[in-house]
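For the working numbering, count along the sequence shown from 1 and bump the result up by 254. We treat Cβ as the ideally placed atom computed from N, Cα and C, and that holds for glycine. Since the structure is predicted, the reported quantities are computational estimates derived from the model, not experimental observations. Take a look at the structure below.
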Amino acid sequence: MPVNVPSGLPAIDILRKESVFLMTEERALHQDIRPLKIAIVNLMPTKIATETQLLRLLSNTPLQVQASLISMAGHQSKNTAASHMDAFYVDSREVRKQGLRFDGLIVTGAPVETLPFDEVDYWDELAALFEWSRSHVYQSLFICWGANAGLWHFYGVKKHLLEQKLSGVYPMNIYEPADQLLLGLDDPFFMPQSRYATVLPEDVHPLGLTVLAGSAEAGAVITASPNRRRVFVTGHLEYEADTLDKEYQRDVKAGLSIAVPLNYYPDNDSTQAPLVRWRTYAHQFFANWLNYYVYQETPYKLEEIG
255 MPVNVPSGLP
265 AIDILRKESV
275 FLMTEERALH
285 QDIRPLKIAI
295 VNLMPTKIAT
305 ETQLLRLLSN
315 TPLQVQASLI
325 SMAGHQSKNT
335 AASHMDAFYV
345 DSREVRKQGL
355 RFDGLIVTGA
365 PVETLPFDEV
375 DYWDELAALF
385 EWSRSHVYQS
395 LFICWGANAG
405 LWHFYGVKKH
415 LLEQKLSGVY
425 PMNIYEPADQ
435 LLLGLDDPFF
445 MPQSRYATVL
455 PEDVHPLGLT
465 VLAGSAEAGA
475 VITASPNRRR
485 VFVTGHLEYE
495 ADTLDKEYQR
505 DVKAGLSIAV
515 PLNYYPDNDS
525 TQAPLVRWRT
535 YAHQFFANWL
545 NYYVYQETPY
555 KLEEIG
């Protein structure tokens, strides 16, 4: 089944060219089915690219998904047209005011890793949304900085800044092979990383959190709450083939002292086309999340979420 998205969203044309099945709101009204309602809090500056990446992965299951895009109250996007935000996003204050409920919530990364949380201009609003999610969302997935933010807000887990950006495609060891979130993934499996901060296993284990996958170099990469209703992923399975390349070229152009993304280009030669070794894992991971962590567990009546 497809993802139900607002008519006119740029991702529709992009993904249909890839044979990804998306359904507009008009057609979805004719199907007698209760779709999974998934809210996406998109904190990335490249809004349209991130929308496309996530919708591509959410579409690859037999489940119908109704995606809603949420923006941070009071934060103006500098890289996305206001007309796009007005047309396709709902202000987070309005979400809380209306008491909307969702089967699942995805919180993306953001380029604010080196800032203390309380210095991020939308931190108070994001924290309020996190609190709202306790009673209005069944399952939450936090990505990259979103994972740092969620771990700090809910559990007081500190992020640890790295001396150098962790950038590249790294092998992840599976620590909990029986967990349904990891079914079908190789051990190890590959995941892109692009971050200045890390999560240490020794910080999360005493809190009852479970590190499902990671490595000595990348730290605790996939961490889950005891009841599995919150999942924290410090990497970027949603990245496209050229995303790390674009980030690397951007940083080089800006004059930053940045290393070539590791295990990404053949022989780590940035003049060559990148290798894509995580696409299958990305689709499997998101299919597992939607099926086992959301669909199989969430109440049929959303008002029962609490």
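Let me know the secondary structure DSSP gives Ala382 once reduced to three states. Mapped onto the sequence shown, residue 382 falls at position 128. Helix, per DSSP.
Provide the residue(s) that pair with Ile266 in DSSP beta bridges, ordered along the chain. Along the sequence shown, read from residue 1 onward, the residue named residue 266 stands at position 12. None; Ile266 has no bridge partner.
Taking the CB atoms as reference points, tell me whether Pro260 and Phe356 lie closer together than 8 Å. Within the sequence shown, residue 260 is the residue found at index 6, counting from 1. Within the sequence shown, residue 356 is the residue found at index 102, counting from 1. Cβ distance not < 8 Å, so Pro260 and Phe356 don't count as in contact.
Across which residues does DSSP place His537 in a beta bridge pair? Numbered from 1 along the sequence shown, position 283 holds the residue referred to as residue 537. Its beta-bridge partners do not exist; DSSP assigns none.
If you follow the alpha helix (DSSP H) that His414 is part of, which residue opens it and which one closes it? Translated into positions along the sequence shown, residue 414 becomes position 160. First-last for His414: 414-428, but that is the beta strand (DSSP E), not the alpha helix (DSSP H).
Val475 beta carbon less than 8 Å from that of Thr464: Within the sequence shown, residue 464 is the residue found at index 210, counting from 1. Within the sequence shown, residue 475 is the residue found at index 221, counting from 1. Cβ distance not < 8 Å, so Thr464 and Val475 don't count as in contact.
Taking the alpha helix (DSSP H) that Leu405 belongs to, which residues open and close that run? Within the sequence shown, the letter at position 151 stands for residue 405. It spans 399-409 - the alpha helix (DSSP H) in which Leu405 sits, taken as one unbroken run.
Stretch pair the region 357-364 + the region 389-402: three plus CB contacts closer than 8 Å: yes
Ignore the nearest five residues each way along the sequence and tell me which others in Phe408's own chain have a CB closer than 6 Å to its CB. Position 154 of the sequence shown, counting from 1, holds the residue named residue 408. Closer than 6 Å at the Cβ level, and outside the excluded window around Phe408, lies no residue.
Rounded C-alpha distance that separates Gln550 from Thr525: Mapped onto the sequence shown, residue 550 falls at position 296. Mapped onto the sequence shown, residue 525 falls at position 271. Each residue's alpha carbon lies about 45 Å from the other.
So, are the CB atoms of Glu367 and Trp406 less than 8 Å apart? Position 113 of the sequence shown, counting from 1, holds the residue named residue 367. Position 152 of the sequence shown, counting from 1, holds the residue named residue 406. Going by C-beta atoms, Glu367 is not nearer than 8 Å to Trp406.
Taking all protein chains shown into account, do 16 or more other C-beta atoms lie within 10 angstroms of the C-beta of Asn258, making it buried, or fewer, making it exposed? Indexing the sequence shown from 1 puts residue 258 at position 4. The residue in question, Asn258, is buried, as its Cβ has 16 or more Cβ neighbours within 10 Å.
Taking the beta strand (DSSP E) that Phe342 falls in, what are its first and last residues? Looking up residue 342 in the sequence shown gives position 88. Unbroken run through Phe342 is the alpha helix (DSSP H), 336-342; no beta strand (DSSP E).
Kindly indicate which residue of Gly422, Ser337, Glu501, Gln318 has the alpha-carbon position closest to the one of Asn517. Counting from one through the sequence shown, the residue named residue 517 turns up at place 263. Put simply, of Gly422, Ser337, Glu501, Gln318 the residue whose alpha carbon is nearest the alpha carbon of Asn517 is Gly422.
Cβ of His329 within 8 Å of Cβ of Asp267? For the purposes of this step, residue 329 is taken as the residue at position 75 of the sequence shown. For the purposes of this step, residue 267 is taken as the residue at position 13 of the sequence shown. It is not a contact, given that the beta carbons lie outside the stated cut-off.
So, are the CB atoms of Glu305 and Ala335 less than 8 Å apart? Residue mapping note: residue 305 aligns to position 51 of the sequence shown, counting from 1. Residue mapping note: residue 335 aligns to position 81 of the sequence shown, counting from 1. Their beta carbons are not under 8 Å apart, which means Glu305 does not touch Ala335 by this criterion.
Candidates Gln307, Ala401, Val295, Leu556: closest to His414 by CA position: If you number the sequence shown from 1, residue 414 lands on position 160. For the residues Gln307, Ala401, Val295, Leu556, the minimum Cα distance to His414 belongs to Ala401.
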